[in-house]
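Trainee: Pasting in a structure now, in structure tokens, and then I'll have a few things to ask.
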DNA sequence: GCACTCCTGACCAAGGAGGTCAGGAAAGTC
DNA sequence: GACTTTCCTGACCTCCTTGGTCAGGAGTGC
């Protein structure tokens, strides 16, 4: 139940691309790496994955760089996380709807389904445009407004 | 963003212990392993961790076994997951409230906080008693009642 | 032709996942 | 006191992931 460096980096780089979308020109990997303090060569692998998933496009050579394949308000954080981390909230590498529990654990399946649904409620609502503008969806506002959301357990 | 085998096993074994709480007698590891089809020796390590976290108690020898340290309605799934997997929803192994993002990723922190809060909303509400009885909290009911909660993406 | 930038695969060290194995240490029974 | 039972613990194992680095190849633009 943790967020990998890769997913974190991917979302941050994508946010930079979203912000640069107005410029109408590709952004170099180097600039993304510097803006977000991400190791360049590692970032290039991540951007390649995003490209393979159709989230990002790229051109080589002088004047080359990366850009978002779609408008920033049509790309969700969930998509990016899935592109680099794979499916969200799988249990033992299988989707929760495919698991069959026995005995007293029978209702655990519903719990894992609920876990996944609650993650989706956040990650699929937030777009890159939201992230850059800071105008996050109301669901995020509700969840972060409780003071104990900001403290460890 | 996945659930490990260890966490899944831990919750399932704990559910068995919760169901056996009425018996007033310890449950052997072997019985737990058979009931939930978990490799016995692996399960023993997990139960040991749960014991170290004060969730489970144990006695050795004939008539020995494991039992819950507290009533089943006072033990949440969140506790069990934390005991075996560590803190929930850390980013790059640091808690989201400690991360400082730069530039266009500034508001990403709020998103990760929301992710953690939404996970807690589920995992801290469900107790072992809920799990065994099948009477899950309303938040779970709401999340699992949407049909697309049960399909892959 | 040359500089620039992405693209790709190989590699690497450390650690986690998901176990197994072997033995020791309490607790109960006879 | 011996014996059985059951938990307790550490060592070990294989495979995979994480978080990178390195080296070179392949388009693109001037």
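Residue numbers (the working numbering), protein chains in the order written: chain Z, 30 to 182; chain U, 30 to 182. Cβ atoms here follow ideal geometry from the backbone N, Cα and C, with glycine treated the same way. If you're wondering where the values come from, they're calculated on a predicted model, not measured in any experiment.
Within its chain, find whatever has a CB closer than 7 Å to the CB of residue 111 of chain Z; leave out the 5 residues flanking it on each side and keep chain order.
Mentor: Shown here for residue 111 of chain Z: same chain residues with a beta carbon closer than 7 Å to its own, the five before and five after excluded, namely 117 in chain order.
Trainee: Check each residue of the stretch 42 to 76 of chain Z: if its Cβ is closer than 8 Å to any Cβ of chain U, include it; give the result in chain order.
Mentor: Listed by position, the residues of the stretch 42 to 76 of chain Z near chain U (Cβ gap below 8 Å) are 44, 45, 47, 48, 64, 65, 66.
Trainee: Name the chain U residues that come within less than 8 Å of residue 146 of chain Z, Cβ to Cβ?
Mentor: 172, 173, 175, 178
Trainee: Quick check: the Cα distance between residue 103 of chain Z and residue 156 of chain Z, rounded to an integer number of angstroms?
Mentor: 7 Å
Trainee: What does the Cβ neighbour count give for residue 83 of chain U, buried or exposed, with the cut at 16 atoms within 10 Å?
Mentor: exposed
Trainee: Run through the DSSP bridge pairs and tell me what residue 96 of chain U is partnered with.
Mentor: U:86
Trainee: Expressed to the nearest angstrom, what Euclidean distance is found between the alpha-carbon atoms of residue 95 of chain Z and residue 64 of chain U?
Mentor: 53 Å
Trainee: Any beta carbon from chain U within less than 8 Å of residue 109 of chain Z's own beta carbon?
Mentor: no
Trainee: Hey, quick one: how far does the alpha helix (DSSP H) through residue 51 of chain U stretch, first residue to last?
Mentor: Here residue 51 of chain U belongs to no alpha helix (DSSP H), and DSSP marks it neither H nor E.
Trainee: So for residue 106 of chain U, helix, strand or coil by DSSP?
Mentor: helix
Trainee: Compare the Cα-Cα distances from residue 144 of chain U to each of Z:35, Z:58, Z:127, Z:171 and report the closest residue.
Mentor: The residue with the shortest Cα to Cα distance from residue 144 of chain U is Z:171.
Trainee: Within the 8 Å Cβ cut-off, does residue 181 of chain U reach chain Z?
Mentor: Answer yes: the Cβ-Cβ gap between residue 181 of chain U and chain Z drops below 8 Å somewhere.
Trainee: Please compile the residues from chain Z whose C-beta is within a distance smaller than 8 Å of the C-beta of residue 163 of chain U.
Mentor: 135, 136
Trainee: Compute the beta-carbon to beta-carbon distance between residue 93 of chain U and residue 55 of chain U, rounded to the nearest angstrom, for a pair I have assumed lies under 8 Å.
Mentor: 6 Å
Trainee: Taking residue 97 of chain Z as the reference, which of Z:45, Z:182, Z:72 has the closest Cα?
Mentor: Residue nearest to residue 97 of chain Z within the set Z:45, Z:182, Z:72 is Z:45 (criterion: CA-CA distance).
Trainee: Short of 8 Å in beta carbon distance, which residues of its chain neighbour residue 49 of chain U, apart from the five on each side in sequence? Order them along the chain.
Mentor: Spatial neighbours of residue 49 of chain U in its own chain (CB-CB distance under 8 Å, excluding positions within 5 residues in sequence) are listed in chain order as 56, 96.
Trainee: Quick check: residue 153 of chain Z and residue 142 of chain Z, are their CB atoms within less than 8 Å of each other?
Mentor: No, these two residues do not count as a Cβ contact at 8 Å.
Trainee: Please tell me whether residue 114 of chain U and residue 36 of chain U are closer than 8 Å, where the distance is taken between their beta carbons.
Mentor: yes
Trainee: Please compile the residues from chain U whose C-beta is within a distance smaller than 7 Å of the C-beta of residue 37 of chain Z.
Mentor: Per Cβ cutoff of 7 Å: 120, 121.
Trainee: Which of helix, strand or coil does DSSP assign to residue 113 of chain U?
Mentor: Residue 113 of chain U sits in a helix when the DSSP states are folded into three classes.
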